[in-house]
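K.L.:
Protein chains: 2
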Amino acid sequence: MRTVSKDTVTQSFLDYISEDSDERLKFVMEKLAHHLHDFVRETNLTHDEWRKGLELLFAAGEISTPERNEFVLFSDVLGLSSLVDMVNSSEDGTPSSVLGPFHVLGAPDVPVGGDLIKDNVGDKIVVGGRVLTTDGKPIKGAHLEIWQTADNGLYSGQDEQQEEYNFRARMTTDADGRYLFSTVRPAPYTVPDDGPVGELLRATGRHPWRPSHLHFIVTAEGQKTLVTEVFPSDDPYLDEDAVFGVREKLIMEYEKRESTDGLPDDLAIKGELDGTFYVVDFDFVLSAA
Amino acid sequence: MRTVSKDTVTQSFLDYISEDSDERLKFVMEKLAHHLHDFVRETNLTHDEWRKGLELLFAAGEISTPERNEFVLFSDVLGLSSLVDMVNSSEDGTPSSVLGPFHVLGAPDVPVGGDLIKDNVGDKIVVGGRVLTTDGKPIKGAHLEIWQTADNGLYSGQDEQQEEYNFRARMTTDADGRYLFSTVRPAPYTVPDDGPVGELLRATGRHPWRPSHLHFIVTAEGQKTLVTEVFPSDDPYLDEDAVFGVREKLIMEYEKRESTDGLPDDLAIKGELDGTFYVVDFDFVLSAA
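So the protein sequences, as listed, match chains D and W.
Note that this note's numbering numbers the first sequence so that position 277 is 277, with each residue one more than the last.
Note that this note's numbering numbers the second sequence so that position 6 is 295, with each residue one more than the last.
#1: Can we say the region 520-529 of chain W touches the region 390-399 of chain W, given the rule of at least three CB pairs closer than 8 Å?
#2: Kindly say whether Asn152 (chain D), judged by its beta-carbon, lies nearer than 8 Å to any beta-carbon of chain W.
#3: So within the region 158-198 of chain D, which uninterrupted beta strand (DSSP E) runs reach at least 3 residues, ignoring any that extend past its ends?
#4: Skipping 5 residues on each side, what residues in its chain have a beta carbon closer than 7 Å to that of Tyr526 (chain W)?
#5: Comparing the C-beta of Ile506 (chain W) with each C-beta of chain D, is any distance below 8 Å?
#6: What are the residues in the region 84-96 of chain D lying within 7 Å of chain W by C-beta distance?
#7: Starting from Asp374 (chain W) and walking both ways along the alpha helix (DSSP H), at which residues does that stretch end?
#8: Using DSSP bridges, identify the partner residues of Thr276 (chain D).
#9: Ile414 (chain W): which of W:Asp483, W:Arg474, W:Ser445, W:Val298 sits nearest, CA to CA?
#10: In this structure, what does DSSP give as the bridge partners for Val230 (chain D)?
#11: Could you tell me whether the Cβ atoms of Pro485 (chain W) and Ala349 (chain W) are closer together than 8 Å?
#12: Thr94 (chain D) and Phe277 (chain D): beta carbons closer than 8 Å?
#13: DSSP three-state label for Phe102 (chain D), please.
#14: Cutting at 8 Å between CB atoms, please list the residues of its own chain near Glu356 (chain W), excluding the five before and the five after it.
#15: Which residues of chain D have a Cβ atom closer than 8 Å to the Cβ of Phe347 (chain W), listed in chain order?
#16: Quick one: list the residues of chain W neighbouring Met29 (chain D), beta-carbon separation under 8 Å, in chain order.
#17: Name the chain W residues that come within less than 7 Å of Ser5 (chain D), Cβ to Cβ?
#18: Please list, in chain order, all residues of the same chain as Tyr179 (chain D) whose beta carbon is under 7 Å from its beta carbon, the five residues on each side excluded.
#19: Do you know how far the Cα of Asp304 (chain W) is from the Cα of Val317 (chain W)?
#20: In whole angstroms, give me the CA-to-CA distance for Val532 (chain W) and Gln11 (chain D).
#21: Please report the Cβ distance between Pro427 (chain W) and Asp465 (chain W), rounded to the nearest whole angstrom; I am assuming they are in contact, meaning their Cβ atoms lie under 8 Å.
#22: May I ask which residues mark the beginning and end of the alpha helix (DSSP H) holding Phe282 (chain D)?
#23: Does Thr219 (chain D) come out as helix, strand or coil in the three-state DSSP assignment?
#24: Using alpha carbons as the reference points, say which of W:Val535, W:Gly564, W:Arg546 lies closest to Met375 (chain W).
#25: With 8 Å set as the bound, which would you pick, yes or no: does the beta-carbon of Phe391 (chain W) sit closer than that to a beta-carbon of chain D?
#26: Would Leu489 (chain W) and Leu345 (chain W) be called neighbours here (beta carbons separated by less than 8 Å)?
#27: Three or more C-beta pairs closer than 8 Å, one from the region 315-332 of chain W and one from the region 20-35 of chain D: is that the case here?
#28: Quick one: grab the DSSP three-state call for Arg491 (chain W).
#29: Check whether the Cβ atoms of Ile435 (chain W) and His502 (chain W) sit closer than 8 Å, and answer yes or no.
#30: Does Thr133 (chain D) come out as helix, strand or coil in the three-state DSSP assignment?
#31: Tell me which residue opens and which closes the alpha helix (DSSP H) that His324 (chain W) is part of.
#32: So the alpha helix (DSSP H) Leu14 (chain D) belongs to, where does it begin and stop?
#33: Flag this pair as yes or no: are the beta carbons of Ser364 (chain W) and Phe58 (chain D) separated by less than 8 Å?
#34: Kindly indicate if chain D contains any beta-carbon less than 8 Å away from that of Thr335 (chain W).
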């Protein structure tokens, strides 16, 4: 160690790690040190730049709460959260996508065909489809957790005008593996940009917008849990999601209908659908656990 | 972006960065994204590991204050702080080393030959030498800031038993470029290990000890500022500094003396030196600005 240099410091770091340490931890720390050290060597990072990076992390610590975690947000806008989703995503099922910070436990059970619109305003949509195995077999009794923004781009919990579990539900698929609910079109929104993440976005000329989306967590016995989001095909931010959550297979088409068309049998919606509404047909494929 | 995959996400990230952004910032962000993304891809980082990393950062935010900055400490124990020092260090001067968190402004001016021992306990040492240009020319009027721990391994500011500027001084070199002071041998100490950095050290079987050292900031007109540390050659932690600060050229030899030997002319020490003491001769070489 008394001979440590910029070329030997990585090996010195590795030599410090006890051989008794967990093998996976050793591997992850080795890769982390290699990449962080190479980053400094390849950029010849200056003291000012190093201090700036540490200031951003310190500021992230100051602004973070369990509800607004700026470190998660850094991970999101750097593409890391999304990349972790992708390296862990099944090849053969529906792709996963970012969980985000707005999931809460305790949403009410809503039956298949249930209504989330209630007295909310916005474009009415009917979202339905099936939960399937990779062999295409419907899964009865799969559980979906569903959450989304209101028409104003805010989630319940962020918005005092909304009831506690507004646009949040838990649903169990029927014998045909079907889920179905009426809701309103969610709205695009910005990630919080009043902290150090916002500073980074502005410095690199980036905007903080996410395309609108519906969040889902889909679970079923014997299958891998799927955490994902589904995006409307006409969203203006579809090609520039600030947190890199969009996947081709997660894009849903909105089919326009008028209520005078009458509802098809598979839209056994309990809510009222007067005038124009949109229909989304989206299946979730769960890979085996 | 709707086709983002684990192989294309890095390019998507780069495409987001505005062409108008600062060139250096673009370069640094490109390298950062490449290395962070490769880290995730090469480890197939799991969601649990990703969450653990974010938890450590969140915990670092919670424990950090301006005085105890856990992010700096993470940078230190990962070898990053030291590596930034090394990539920015002059090839031809005395190597730089970590500033650490214990530097304070406002230390008293002490004349060449001054005494820092006062009524402190510990092995007495006399530290002196010259401040030189890379051509070996002495620099008159160079300023040294000096700080170190007491014999108990604590800095003034950490230890209520010590006066405000105990073992802290500012000195200006004489016409021969000389500095000289009497002090006590500093002591090894541990970096704070009661937070997430300590958790990481324990998980990888590492100890938190630093070898004892004297801190110096050396400045002179027309020369680059030198921030460094000097380590005694007999310190038990010399080969295993938790923050990778030791360089071969920063090791000082302690020469044992008895006061009955008489003090040589170049040790014009103003303090009393009864019995056994040690002498350190260490020159600082500043490269041109």
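We treat Cβ as the ideally placed atom computed from N, Cα and C, and that holds for glycine.
P.N.:
According to the structure data:
#1: no
#2: no
#3: 168-172, 178-184
#4: Pro477, Trp498, Arg499, Pro500
#5: no
#6: Val84, Met86, Val87, Asn88
#7: 369-376
#8: D:Glu258
#9: W:Arg474
#10: D:Leu214
#11: yes
#12: no
#13: coil
#14: Pro390
#15: Gly61, Ser64, Asn69, Phe71
#16: Thr493
#17: Met375
#18: Val112, Gly128, Gly129, Val131, Leu144, Met171, Thr173
#19: 14 Å
#20: 14 Å
#21: 5 Å
#22: Premise fails: Phe282 (chain D) is in no alpha helix (DSSP H) and is neither H nor E.
#23: strand
#24: W:Val535
#25: no
#26: yes
#27: yes
#28: helix
#29: no
#30: strand
#31: 312-332
#32: 9-16
#33: no
#34: yes
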